[in-house]
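The structure appears below as structure tokens.
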Amino acid sequence: MKKRIRFNYVEKHSPILDNPGLWKYPGSEAHRYSSLSYWTELAVKLEKACFDGLFLGDALGVYDTYGGSKDAAVREGLSLPIHDPTYLIPAIAAATKHLGLAVTCSLTYDHPYAMARRMSTLDHLTEGRLGWNIVTSNLESAARNFGLDTQIEHDTRYDRGDEFMEVCYKLWELSWEDGAVVQDADSGIFADPSKVKDIGHEGPFFRVPGIHLCDPSPQRTPVLFQAGSSKRGREFAARHAECNFLNAITPEETRHLISDIRSRAEKYGRKAEDILFFPRVVPVVGATEEEARDKLDRYFSFLSTEGTLALLSTWTGTDLFGYTADRLHAFVERKSGGNAYISDYLQRAHPGKQWTIAELARLYAFGGMGNVIVGSPEQVADRLESFIDETGADGFNIGYISRSESLTDFITLVLPILQQRGRAQTEYSEGTYREQLFDRGPYLPASHSGKKVKL
Numbered sequence: 001m002k003k004r005i006r007f008n009y010v011e012k013h014s015p016i017l018d019n020p021g022l023w024k025y026p027g028s029e030a031h032r033y034s035s036l037s038y039w040t041e042l043a044v045k046l047e048k049a050c051f052d053g054l055f056l057g058d059a060l061g062v063y064d065t066y067g068g069s070k071d072a073a074v075r076e077g078l079s080l081p082i083h084d085p086t087y088l089i090p091a092i093a094a095a096t097k098h099l100g101l102a103v104t105c106s107l108t109y110d111h112p113y114a115m116a117r118r119m120s121t122l123d124h125l126t127e128g129r130l131g132w133n134i135v136t137s138n139l140e141s142a143a144r145n146f147g148l149d150t151q152i153e154h155d156t157r158y159d160r161g162d163e164f165m166e167v168c169y170k171l172w173e174l175s176w177e178d179g180a181v182v183q184d185a186d187s188g189i190f191a192d193p194s195k196v197k198d199i200g201h202e203g204p205f206f207r208v209p210g211i212h213l214c215d216p217s218p219q220r221t222p223v224l225f226q227a228g229s230s231k232r233g234r235e236f237a238a239r240h241a242e243c244n245f246l247n248a249i250t251p252e253e254t255r256h257l258i259s260d261i262r263s264r265a266e267k268y269g270r271k272a273e274d275i276l277f278f279p280r281v282v283p284v285v286g287a288t289e290e291e292a293r294d295k296l297d298r299y300f301s302f303l304s305t306e307g308t309l310a311l312l313s314t315w316t317g318t319d320l321f322g323y324t325a326d327r328l329h330a331f332v333e334r335k336s337g338g339n340a341y342i343s344d345y346l347q348r349a350h351p352g353k354q355w356t357i358a359e360l361a362r363l364y365a366f367g368g369m370g371n372v373i374v375g376s377p378e379q380v381a382d383r384l385e386s387f388i389d390e391t392g393a394d395g396f397n398i399g400y401i402s403r404s405e406s407l408t409d410f411i412t413l414v415l416p417i418l419q420q421r422g423r424a425q426t427e428y429s430e431g432t433y434r435e436q437l438f439d440r441g442p443y444l445p446a447s448h449s450g451k452k453v454k455l
């Protein structure tokens, strides 16, 4: 029996996703990002289609690397304005019953004592449907606005992140024992003090002596997502992630990343099935392949090259404004800093190619490094199936080009084919987000790092 394909839908609390210029596309609904009704309607639509989850991205700074200015990001609505996605979670949860809800929260400028409380609260309010996408912020503008001269060094961010997670695990998993909350009116005891423990944590980055402020939520620890692509980021994923988001274009690249992370996870005592992998794809669907390609051409007519270069400049930490062919070649060849992963991919996937700015912008359009799949409903369904079967991935993060059109096309044209083939679910099982993803209990498995912490 072939593996079921899981689907998350990717969004941001912002006018567009990572598709510069497409806010202008007719019917894009870019203006509705600040309307609560958009988000509840979206969630209901996803749940009717039996999506596994809604994933909400975030950023804590402005994409201001390109030209050394915020202007391109402001002009293009490039993750700007961007509202806090955590406040959407309770409203979406109230409008749905089964849909998993994964929210991005950076740990770089936060504290584990506060983060643990925030996540426990949301896991309670969603009745165990919360996932946390763990990120270490990489925007210089964020660092400056949090009072730093420059951002924390790359590997140090992850070192700090490891300890951040250790503190969260202690608060979630160990501070309150099972049965601590008794609510015994006869004895007058709400909770048993002997079952609520100080965590007594002292480390190089954090000191947290006391107890968790929340009683155990349905999952205790939310489902943990992560998307780091650097070597240090993949090491962090191997230790902490239950679901890994992959920015990979080809099956070969996807297999490489899955193999790398799984091999790293082994040294932490984790099994292959302990981590689910979700490459990002952006389907463009038409009744025929020709119609789909015409649709893609229409999308490209709205694409902003400047916005795409502003996005790529921020991802890589390299200002691509005014780049000549020679400078672009040096950029592609340089396997260091923020563009190490992109450089590595371009050289392996397109060895010897001399890139132009226009070609690079087109490659990274529409969801960044997402895999744009163009075709008829049957062709797109076939591609998704073969991608899963060839790579060992577990599902997809579905991105969009046009906010309303892309999702409607996928739900009405492609998903029914996959459901008829038995590759996509047609109903939900009961239980928490973790139970639905892994077909096991609501808590972290014994092999996870969060179950191995001690007071």
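Going by the UniProt record's numbering, 212 is the number at position 212 of the sequence shown; the sequence numbering is gapless.
Beta carbons are placed, not taken as given, at the ideal position from N, Cα and C, and that holds for glycine.
Just so we're clear, the structure is a prediction, and the values are computed from it rather than from any experiment.
Exposed or buried, what is residue i when buried is set at 16 or more other beta-carbons lying within 10 Å of its beta-carbon?
i: residue 17; result: buried
i: residue 225; result: buried
i: residue 87; result: exposed
i: residue 150; result: exposed
i: residue 426; result: exposed
i: residue 397; result: buried
i: residue 536; result: No answer is possible for residue 536: it lies beyond the span of the chain, which begins at 1 and ends at 455.
i: residue 160; result: buried
i: residue 294; result: exposed
i: residue 1; result: exposed
i: residue 436; result: buried
i: residue 184; result: exposed
i: residue 201; result: buried
So the alpha helix (DSSP H) residue i belongs to, where does it begin and stop?
i: residue 104; result: From DSSP, residue 104 is part of no alpha helix (DSSP H) but of the beta strand (DSSP E) over 100-106.
i: residue 222; result: Here residue 222 belongs to no alpha helix (DSSP H), and DSSP marks it neither H nor E.
i: residue 71; result: 71-76
i: residue 261; result: 251-266
i: residue 84; result: Residue 84 -> no alpha helix (DSSP H), and no H or E assigned at all.
i: residue 297; result: 289-302
i: residue 235; result: 231-240
Once DSSP output is grouped into helix, strand and coil, what is the label at residue i?
i: residue 414; result: helix
i: residue 161; result: helix
i: residue 350; result: coil
i: residue 111; result: coil
i: residue 310; result: helix
i: residue 44; result: helix
i: residue 425; result: coil
i: residue 129; result: coil
i: residue 355; result: coil
i: residue 134; result: strand
i: residue 145; result: helix
i: residue 430; result: coil
i: residue 387; result: helix
i: residue 407; result: helix
i: residue 419; result: helix
i: residue 56; result: strand
i: residue 201; result: strand
i: residue 214; result: coil
i: residue 151; result: coil
i: residue 380; result: helix
Between residue i and residue j, which are expected to be in contact by the criterion C-beta below 8 Å, what is the C-beta distance as a whole number of angstroms?
i: residue 219; j: residue 428; result: About 16 Å separates the two Cβ atoms, so there is no contact after all.
i: residue 138; j: residue 282; result: Not quite, the Cβ-Cβ distance comes to about 22 Å (not below 8 Å), so this is no contact.
i: residue 141; j: residue 64; result: 5 Å
i: residue 284; j: residue 374; result: 5 Å
i: residue 299; j: residue 22; result: 7 Å
i: residue 312; j: residue 360; result: 7 Å
i: residue 128; j: residue 217; result: 7 Å
i: residue 236; j: residue 158; result: 5 Å
i: residue 36; j: residue 91; result: 6 Å
Counting along the chain, where does the beta strand (DSSP E) carrying residue i start and finish?
i: residue 9; result: 6-12
i: residue 373; result: 371-375
i: residue 191; result: 189-191
i: residue 206; result: It is not in any beta strand (DSSP E) - residue 206 carries neither H nor E in the DSSP assignment.
i: residue 436; result: Careful: residue 436 lies outside any beta strand (DSSP E), inside the alpha helix (DSSP H) at 433-438.
i: residue 279; result: 276-285
i: residue 395; result: 395-398
i: residue 245; result: 243-246
i: residue 182; result: 181-184
Is any heavy atom of the ligand MG found at a distance shorter than 7 Å from the C-beta of residue i?
i: residue 138; result: Judged by which ligands are present, the structure shown has none, so any question about the ligand MG falls away.
Would residue i pass as an interface residue toward chain D - the criterion being a Cβ-Cβ separation below 8 Å?
i: residue 168; result: This model lacks chain D altogether, as it is built from one protein chain only.
Exercise for the section: Specify whether the stretch 155-170 and the stretch 107-115 touch according to this definition: at least 3 beta carbon pairs, one from each stretch, less than 8 Å apart. Expected result: Counting Cβ pairs under 8 Å, three or more are found: they touch.
Handout entry: the stretch 300-308 / the stretch 383-393 touching (three or more Cβ pairs under 8 Å)
Key = no
Practice task
Spell out a yes or no on whether the stretch 185-193 and the stretch 222-242 are touching, meaning 3 or more CB-CB pairs, one atom from each, closer than 8 Å.
Solution key: no
Problem - Sufficient close CB pairs (3 or more, under 8 Å) joining the stretch 73-92 to the stretch 48-61 - result: Inter-segment contact for the stretch 73-92 and the stretch 48-61 is present: three or more beta-carbon pairs are separated by less than 8 Å.
Practice task
Say whether the stretch 396-414 touches the stretch 6-24, bearing in mind that this needs 3 or more beta-carbon pairs closer than 8 Å, one atom from each stretch.
Solution key: yes
Practice task
Check whether the stretch 229-242 touches the stretch 258-265, taking contact to mean three or more Cβ pairs, one atom from each stretch, closer than 8 Å.
Solution key: yes
Problem - Stretch-stretch touch, CB-based, cutoff 8 Å, three pairs: the stretch 374-381 with the stretch 413-420 - result: yes
Practice task
Could you tell me whether the stretch 21-38 touches the stretch 109-118, using the rule of 3 or more Cβ pairs below 8 Å?
Solution key: no
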